[in-house]
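**Q**
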Amino acid sequence: MLLLLALACPPLSARTLPLDRLDQPAPPLSLGGGRSLGDYQGQWVMLHFWATWCTPCVRELPALQRFEARSAGTFVLLTVAMDGDNRALVEAFQQQHGITLPVVLEQQATGHAPFTGWGLPATYFIAPNGYVVARALGPRGWDAVEPTALAGQLE
Amino acid sequence: MMNKLLTTSITLLFLPAAAMGCDFCLLQQGISPLDSLKGSGLRVSQRYTRVDEVYEGTNHVPNPGAREAFWTTDLSGFFSPRDGWLLLANLPVRATRVRGHLHLHDGDHEDEEADADAHAGSSLAIGGNEYEVHPDRGGDEGIGDLSLLARYNAFEHHTLTHTTLVALTLGVKLPTGSTSGRTNDGEYLDAHTQLGTGSWDVLAGAAINHSFGRWTLSGNALASFNGKGEAGNVDHTFGDSLNYDASVRYRLLPAMQGGDGVSVFASFGVAGEWRGHEKEAGQRVRDSGGHTLYVVPAVQINVGQHWIAELSYRKAVWHDLHQVQLGEDFKLFGSINYLF
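Each protein sequence line maps, in turn, to chains A and B.
If you use this note's numbering, the first sequence closes out at 208, no skipped numbers anywhere.
If you use this note's numbering, the second sequence closes out at 344, no skipped numbers anywhere.
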């Protein structure tokens, strides 16, 4: 009976994600070069933290890149590589793995601490009003996620 | 990686229930709701319980020679069919050993000479009653009572720096363990040294977790409402029980989680078990039930994304047992978990 009760609950669509729901203003986050997270107000932002030394992060990145290609116009994807200020390492990694996602280095991302306290990889969804509305901790199967369905889930 | 690490902090929060000579009653409370939101896996745990301390109420009195020990291997599987739900099955595989059984002498001897031979040098007088140690030897081995549980995350609150979860648990314990184990003399073992209870029991509980930074605070409670069972050839019903614990856990390393390496956590908690009186053949068993408190230091090691190991020591520090009983001394617990 317990099993039936559990199964009776409507499942998430396979095209969406299990997410932690939040509802708080995004703290200030610098993105280097005079940019900040606040520059993207008015758009849906996916803010993704990873590192070259984080094996699950590395495994996830290709699928995340494919998701980014499918989500043009739905989400703006920003990534922060928690590799200190080692630009050469990160660029070599990107070249080796064919990763063309925009990457901000940890050293440039002043104010990242509230986002990275739970470990890596971590993905945060920031609504157009500047509020952090959800997060996904740990790697995700991004190939199975449909951007517009995910946007609907976040609304 | 993060979810699986969270998922398997179960070990520290999956604290087994206590026993006052009732090791088979132990039921792990289930995986922490903070940790198992999205996980499925298997768990093998090993538990050793020693019961050789005699108490009259809260007073520790000399043990005239009774001792019980329990080795229990628990096989658990857990599965998350939907976000926020967890289903758990736990099957104990037990080995019980008895060396001396503490018994209240009712003064009605048919063969006083035989009784004197059997019990010479192994009695204890407390409060006008004489307690004897019957020199029983024996035990049993096999599967215990299967438990099936479902847990639902009833409340979640997430911020960038904190997460709070409250979960509710409901389950049932099935009478799959044997209740006909015997001593070396051919007598039936006492109920609490049988592999099973012979009863269907209802389990209900709640858990709360609060995490911030490297810290996790947890609280759990699990009640068991026990049906009528049996032990040997007599009806036996264990008293309803309530197991509870509160713990603090800290991640020693790494500073930031995210690799396939090793994470190490340290935990310290307090736990307790309250148990009602037992009934045997319809009669209340005077020397049964009570309350015990424990301190529980523990360590957890995660290796990669799939493996979790845990070791904990559960030391009884306070007993308030009804009349005179054997009380638990300590419990040593270890587990290996594999996450899919």
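Beta carbons are placed, not taken as given, at the ideal position from N, Cα and C, and that holds for glycine.
Thinking C-beta only, is SER316 of chain B closer than 8 Å to GLY243 of chain B?
**A** Stepping through the second sequence from its first residue, residue 243 of chain B is reached at position 239. Stepping through the second sequence from its first residue, residue 316 of chain B is reached at position 312. No, they are not a contact pair.
**Q** Give a yes or no on whether the C-beta atoms belonging to ASP205 of chain B and SER184 of chain B are separated by under 8 Å.
**A** Translated into positions along the second sequence, residue 205 of chain B becomes position 201. Translated into positions along the second sequence, residue 184 of chain B becomes position 180. Contact: no.
**Q** How about VAL109 of chain A: is its C-beta nearer than 8 Å to some C-beta of chain B?
**A** The count along the first sequence starts at 1 and reaches residue 109 of chain A at position 56. In the sequence as presented, Val is not what sits at residue 109 of chain A; that position holds Pro. It does; some Cβ of chain B falls within 8 Å.
**Q** Between which residues of its own chain and SER124 of chain A is the CB-CB distance below 6 Å, once the five residues before and five after are set aside?
**A** For this step, residue 124 of chain A is matched to residue 71 along the first sequence. Around SER124 of chain A: PRO200.
**Q** Measuring CA to CA, which of B:HIS196, B:GLY231, B:VAL321, B:ILE305 is closest to ALA99 of chain B?
**A** As a first step, residue 99 of chain B must be located in the second sequence, where it is residue number 95. Comparing Cα-Cα distances from ALA99 of chain B to each of B:HIS196, B:GLY231, B:VAL321, B:ILE305, the minimum goes to B:HIS196.
**Q** Using three-state DSSP, classify ALA166 of chain A as helix, strand or coil.
**A** Along the first sequence, one-based indexing puts residue 166 of chain A at 113. Three-state DSSP puts ALA166 of chain A in a helix.
**Q** For the beta strand (DSSP E) that contains PHE279 of chain B, what are its first and last residues?
**A** Sequence index remark: in the second sequence, residue 279 of chain B carries index 275 (1-based). Contrary to the premise, residue 279 of chain B reads as Arg rather than Phe in this sequence. Note, ARG279 of chain B: beta strand (DSSP E), 266 to 279.
**Q** What residue range is occupied by the uninterrupted alpha helix (DSSP H) comprising ALA202 of chain A?
**A** By 1-based counting over the first sequence, the position of residue 202 of chain A is 149. 200 to 207 is the extent of the alpha helix (DSSP H) around ALA202 of chain A.
**Q** Within 8 Å (strictly less), CB to CB, does LEU65 of chain A reach chain B?
**A** On the first sequence, position 12 is the one that residue 65 of chain A refers to. Its pLDDT being 48, under 50, LEU65 of chain A is placed unreliably by the model, and nothing is read from it.
**Q** I'd like the list of long-range same chain contacts for HIS323 of chain B, defined as Cβ closer than 6 Å, with 5 residues on each side in sequence excluded.
**A** As a first step, residue 323 of chain B must be located in the second sequence, where it is residue number 319. Closer than 6 Å at Cβ, skipping near neighbours: TYR59, THR296, GLY331.
**Q** For PHE159 of chain B, I'd like the list of residues in its chain whose CB is within less than 6 Å of its CB, leaving aside the five on either flank, ordered along the chain.
**A** Looking up residue 159 of chain B in the second sequence gives position 155. The residues are VAL170.
**Q** Output, in chain order, the set of chain A residues within a Cβ distance shorter than 8 Å of HIS162 of chain B.
**A** Here the question's residue 162 of chain B lines up with position 158 in the second sequence. Simply ASP73, ARG74, LEU75, ARG188.
**Q** Under DSSP, the beta strand (DSSP E) around ALA180 of chain A begins and ends at which residues?
**A** Stepping through the first sequence from its first residue, residue 180 of chain A is reached at position 127. First-last for ALA180 of chain A: undefined, no H or E at that position.
**Q** If we count the other Cβ atoms within 10 Å of its Cβ and call it buried at 16 or more, is GLN149 of chain A buried or exposed?
**A** As a working mapping, residue 149 of chain A is identified with position 96 in the first sequence. Exposed, because fewer than 16 other Cβ atoms sit within 10 Å of the Cβ of GLN149 of chain A.
**Q** What's the C-alpha gap between ALA79 of chain A and ALA166 of chain A?
**A** Translated into positions along the first sequence, residue 79 of chain A becomes position 26. Translated into positions along the first sequence, residue 166 of chain A becomes position 113. Going by the C-alpha atoms only, they are around 12 Å apart.
**Q** For LEU70 of chain A, which residues from the same chain have a beta carbon less than 8 Å from its beta carbon, with the 5 sequence-adjacent residues on both sides left out?
**A** Start at 1 with the first residue of the first sequence, and residue 70 of chain A comes out as number 17. If we look at LEU70 of chain A and ignore the five residues flanking it on each side, its Cβ neighbours are ALA189, ARG193, VAL198, LEU203, GLN206.
**Q** On the three-state DSSP scale, how would you describe ASP194 of chain B?
**A** By one-based count along the second sequence, residue 194 of chain B stands at place 190. Residue state, collapsed to three classes: coil.
**Q** Run through chain A and tell me which residues come within less than 7 Å of GLY217 of chain B, C-beta to C-beta.
**A** On the second sequence, position 213 is the one that residue 217 of chain B refers to. Here the neighbours are GLY170.
**Q** Please confirm whether PRO115 of chain A has its beta-carbon closer than 8 Å to some beta-carbon of chain B.
**A** Taking the first sequence and counting its residues from 1, the one referred to as residue 115 of chain A is at position 62. So no, PRO115 of chain A is outside the interface.
**Q** Helix or strand or just coil, what does DSSP make of GLN161 of chain A?
**A** One-based indexing of the first sequence puts residue 161 of chain A at position 108. Here GLN161 of chain A sits in coil by DSSP.
**Q** Thinking C-alpha only, which one of B:LEU199, B:HIS166, B:GLY181, B:ASN247 is nearest ARG279 of chain B?
**A** Looking up residue 279 of chain B in the second sequence gives position 275. Checked all of B:LEU199, B:HIS166, B:GLY181, B:ASN247; the closest Cα to ARG279 of chain B is B:ASN247.
**Q** Measure the CB-CB distance between PHE269 of chain B and VAL252 of chain B and report whether it falls below 8 Å.
**A** Within the second sequence, numbered from 1, the residue matching residue 269 of chain B stands at position 265. Within the second sequence, numbered from 1, the residue matching residue 252 of chain B stands at position 248. Contact: no.
**Q** Look at the alpha carbon of HIS240 of chain B and the alpha carbon of GLN304 of chain B, and state the distance between them as a whole number of angstroms.
**A** Here residue 240 of chain B corresponds to residue number 236 of the second sequence, with the count starting at 1. Here residue 304 of chain B corresponds to residue number 300 of the second sequence, with the count starting at 1. Going by the C-alpha atoms only, they are around 38 Å apart.
**Q** Report yes or no: do three or more beta-carbon pairs, one from the region 180 to 187 of chain A and one from the region 132 to 151 of chain A, lie closer than 8 Å?
**A** The region 180 to 187 of chain A is not in contact with the region 132 to 151 of chain A.
**Q** When the distance is taken between beta carbons, is THR132 of chain A closer than 8 Å to PRO115 of chain A?
**A** Against the first sequence, residue 115 of chain A aligns to sequence position 62. Against the first sequence, residue 132 of chain A aligns to sequence position 79. Not closer than 8 Å, so no.
**Q** What do you get for LEU257 of chain B, buried or exposed, if any count of 16 or more other CB atoms within 10 angstroms of its CB means buried?
**A** Start at 1 with the first residue of the second sequence, and residue 257 of chain B comes out as number 253. LEU257 of chain B should be labelled exposed.
**Q** I need the straight-line Cα distance from GLY223 of chain B to ALA210 of chain B, nearest angstrom please.
**A** In the second sequence, counting from the first residue as 1, residue 223 of chain B sits at position 219. In the second sequence, counting from the first residue as 1, residue 210 of chain B sits at position 206. Using only the alpha carbons, I get a separation of about 8 Å.
**Q** Can you grab the Cα-Cα spacing for the pair GLN161 of chain A / ASP138 of chain A, in whole Å?
**A** Your numbering for residue 161 of chain A matches position 108 in the first sequence. Your numbering for residue 138 of chain A matches position 85 in the first sequence. Rounded to the nearest angstrom, the two C-alpha atoms are 8 Å apart.
**Q** Mind checking if ALA141 of chain A is an interface residue toward chain B, Cβ cutoff 8 Å exclusive?
**A** Stepping through the first sequence from its first residue, residue 141 of chain A is reached at position 88. Not closer than 8 Å to any Cβ of chain B, the Cβ of ALA141 of chain A fails to qualify, so no.
**Q** Can you tell me whether ARG367 of chain B is buried or exposed, with buried defined as 16 or more other CB within 10 angstroms of its CB?
**A** With chain B covering only 5 through 344, there is no way to say anything about residue 367 of chain B.
**Q** Identify, in the order they occur along the chain, each residue of the same chain with its Cβ nearer than 7 Å to the Cβ of TYR211 of chain A, setting aside the five sequence neighbours on each side.
**A** Outside the displayed range of chain A (54 to 208) lies residue 211 of chain A, so it cannot be described from this structure.
**Q** Report yes if the CB atom of LEU92 of chain B is closer than 8 Å to the CB atom of LEU174 of chain B, and no otherwise.
**A** The residue you call residue 92 of chain B lines up with position 88 of the second sequence. The residue you call residue 174 of chain B lines up with position 170 of the second sequence. Result no, Cβ atoms of LEU92 of chain B and LEU174 of chain B do not sit closer than 8 Å.
**Q** According to DSSP, is ALA285 of chain B helix, strand or coil?
**A** By one-based count along the second sequence, residue 285 of chain B stands at place 281. In the structure shown, ALA285 of chain B sits in coil (DSSP, three-state: anything other than H, G, I, E or B).
**Q** Can you name the start and end residues of the beta strand (DSSP E) that THR167 of chain B belongs to?
**A** Position 163 of the second sequence holds residue 167 of chain B. Residues 166 to 177.
**Q** Can you give the Cα-Cα distance for ASP78 of chain B and SER49 of chain B, rounded to whole angstroms?
**A** Sequence index remark: in the second sequence, residue 78 of chain B carries index 74 (1-based). Sequence index remark: in the second sequence, residue 49 of chain B carries index 45 (1-based). Their Cα atoms are separated by approximately 5 Å.
**Q** In or out: TYR254 of chain B buried (at least 16 other Cβ within 10 Å) or exposed?
**A** Counted from its first residue, the second sequence places residue 254 of chain B at position 250. Exposed, since its Cβ has fewer than 16 Cβ neighbours within 10 Å.
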